[in-house]
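In what follows, a single structure is set out as structure tokens and then discussed.
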Amino acid sequence: MRAARSLALPVSALSLTLGCSQHLDEHVNALSRATSGSPVIEARVETAALHAYDEAPRTPDADDPAIWVNPSASGEGLVIGVLKDAGLQVHDLDGNVVQTILPPHRPAVAAEDPPVPGAKPESGTSACPESESGETYSRFNNVDVQYGFELIKANGSRETVDIAVVTDRGCDRLRIYAIKPQSSSGPLIDITASSAPRVFPSQLVQPSSLQPTGEPSGVQDNELDDQNTAYGLALYRLEDDDGYRAFVTQRNRSAVAELELHAAGNGVVSYTRVRELRFNPVFTVPGASPGSPSIQWTPCREEPESDPQLEGLVVDQREGVLFAAQEVVGVWRVPLNDALPATVTVPASRLIEKTRSFGEPWWAVPDDGEYACEDAAPGTPVAGTIAAPGNPSAGGLHLERDVEGLAIYYGEDEEGYLLVSSQGDDTFHVYDRESPTDHIAAFQVEGTGETDGHDVVNVRAGNGFPHGLFVVQNGQAGGPSSEDPIHGFEYDGSTQFKLLGWDDIADELDLDVEEDEFDPRDPHDD
């Protein structure tokens, strides 16, 4: 087995790794067939665009949505969307804002600063508790919803509520909200215990052998200001009302923490760590030509001190399986089991769908202290360029890096679909839930790109979505009337959420509509 090599210039000799074998030709032809003619589906509802300004305080940037379905006969619901530095916004199914939740730790906003959700000017609060610089504030990243959580109130009585859980990437914590649409202070009410701990007080560092930084490998302390913190999120309700788990990815690291949510008394919720899932960023791929030795391959790192990170997560509630999207690698399928040890190294065999660029040779070109990752040698030699061998035919056929959001549409028993956001080419991909290596279809959402997260429910969601609802984040929303700087801050793009009827997607792609086969409030009821 041949070890991966770090090669210096000249780079011309490295063209041999792109050898014109019939394997590469077959891969390219299959890729062309797989990416042609994706249908474009129109949204029924759009939320108002949010305009971001670079480095402005609390600038809004929509990221990940979650859908909550009301238990009432009307089937109404809410779309809960994270806005990163700006906190949360809650929308009704017509796209109207019904609540804005400011981050618990936030900088001040001046009257002349760019627009933000909530009132301004606003004096702000203190920074995150462990911020040594005093300049790290809350930054919400992903959100998920679960039903029927039992709180213990101050008098010892119990109350059952639905919950929304958010990763606060800035402060490295989870924030938990009770969903009470009839409450005068709702529909979301913060019920996070003040003693809730950091999610990742330590970090596993797995340096690249090709882009050395001098940093030692292994478990290290994790300073909050470095922001290797809580990132992606998925919730899981165990069978037989045996508890609730949160799976949380770590920014800049190849790890997922499994946390147990628990009632902490006084009507609040906290969490404790159960285990950590670790993913090896080094893979064995076949040689670039028949009979050649296998290659130890790892993705190129734009920031060499960072590992290939995961973000998008979803748990198959009925099957007890975690799906995890590693942005430049692909989608993992990990069966869950409480008998697993406290630390689990996930085998490479659990990688079920690779990105197109997986296993390809790459060139890391120095770029102001970081690297520009290229799939071809630079035309003009650049000192310090690193080149890695690979096999262009080792990758998948469907997903472009970056792979982002994941969601499951449930059908009868094991039927249904795994929905994957391929942010690199602005497409969504449908896989068979029972056999998730089977790719069924791909589509796009009109006027939508750079999608970070999405969510889907198979049940009625109000009069506008009687056959299910699919919500996506749109990173390419229309901009403001003027893109001139405000108070010295440059305009930096606009985001929003879009709501689609599942039946519109199903009709276009010849998929099933299974609105009576799964109740998100009782996921284990067959």
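In terms of our numbering, the sequence shown opens at residue 9 and continues consecutively. Just so you know, even glycine gets a beta-carbon here, dropped at the ideal spot from N, CA and C.
- Aspartate 229 carries a strand assignment under DSSP once its states are collapsed to helix, strand and coil.
- Contact between the region 73-85 and the region 121-138 is not established, with fewer than three Cβ pairs separated by less than 8 Å.
- Selection Thr351, Pro312, Gln304 and Asp324 evaluated against phenylalanine 366 yields Gln304 as nearest (Cα-Cα).
- Pairing asparagine 274 with glutamate 158, the inter-Cα distance amounts to about 12 Å.
- Taken through DSSP and simplified to helix, strand or coil, lysine 92 comes out as helix.
- Residue range 510-517 is occupied by the alpha helix (DSSP H) that includes aspartate 515.
- In terms of Cα proximity to tyrosine 425, the closest of Pro47, Glu442 and Gly476 is Glu442.
- Unbroken beta strand (DSSP E) stretches of 3 residues or longer found wholly inside the region 294-335: 303-305, 318-324 and 329-334, given in chain order.
- Contact annotation: alanine 469 and leucine 101 have beta-carbon atoms nearer than 8 Å.
- Ranked by Cα distance from tryptophan 370, the options Pro349, Ala396 and Thr67 are led by Ala396.
- The C-alpha of valine 277 is placed about 9 Å away from the C-alpha of isoleucine 160.
- DSSP places alanine 242 in the strand class (E or B) of the three-state scheme.
- CA-CA distance, leucine 182 to asparagine 150, rounds to 10 Å.
- For the pair of segments examined, the region 415-432 was found not to touch the region 381-400: the number of CB pairs separated by less than 8 Å stays below three.
- At least 8 Å separates the beta-carbon of glutamate 523 from that of threonine 459.
- If you ignore the 5 residues before and after leucine 407, its C-beta comes within less than 7 Å of the C-beta of Gly338, Glu361, Thr363, Arg364, Val428, Ser430 and His437, all in its own chain and listed in chain order.
- Across the structure, glycine 89 and serine 131 are spaced so that their CA atoms are roughly 24 Å apart.
- For histidine 495, no beta strand (DSSP E) segment is defined, and its DSSP state is neither H nor E.
- Glycine 392 counts as exposed, since fewer than 16 other C-beta atoms from the protein chains shown sit within 10 angstroms of its C-beta.
- Residue range 210-213 is occupied by the beta strand (DSSP E) that includes serine 210.
- Where arginine 253 is concerned, the enclosing beta strand (DSSP E) starts and stops at 252-258.
- For secondary structure counted as the beta strand (DSSP E) over 3 or more consecutive residues, the region 433-468 holds these complete runs in sequence order: 435-440, 447-453 and 462-465.
- In the DSSP annotation of this structure, the continuous segment of the beta strand (DSSP E) that includes leucine 182 starts and ends at 181-187.
- When secondary structure is reduced to three states using DSSP, arginine 166 falls in the strand class.
- A direct Cα-Cα distance of roughly 42 Å separates alanine 127 from aspartate 250.
- Glutamate 335 places its beta carbon less than 8 Å from that of aspartate 410.
- Around the beta carbon of serine 357, fewer than 16 other beta carbons lie within 10 angstroms, which makes this residue exposed.
- Residue pairing by DSSP places cysteine 381 opposite Ala372 in a beta bridge.
- Assignment of glutamate 268 by DSSP, reduced to helix, strand and coil, places it in the strand class.
- For the region 47-91, the continuous beta strand (DSSP E) assignments of 3+ residues that do not extend past its boundaries occur at 58-61, 73-77 and 85-90, in sequence order.
- Counting along the chain, lysine 362 sits inside the beta strand (DSSP E) bounded by residues 359-362.
- The bridge partners DSSP lists for asparagine 149 come to none.
- In this structure, Asp180 is the residue among Leu318, His475 and Asp180 with its C-alpha nearest to the C-alpha of asparagine 230.
- Bridge partners of leucine 344 according to DSSP: none are assigned.
- Taking each of Val169, Asp375, Tyr185 and Glu266 in turn and checking the Cα distance to glycine 95, the smallest one comes out for Tyr185.
- In the DSSP assignment, the residues bridged to aspartate 198 are Tyr185.
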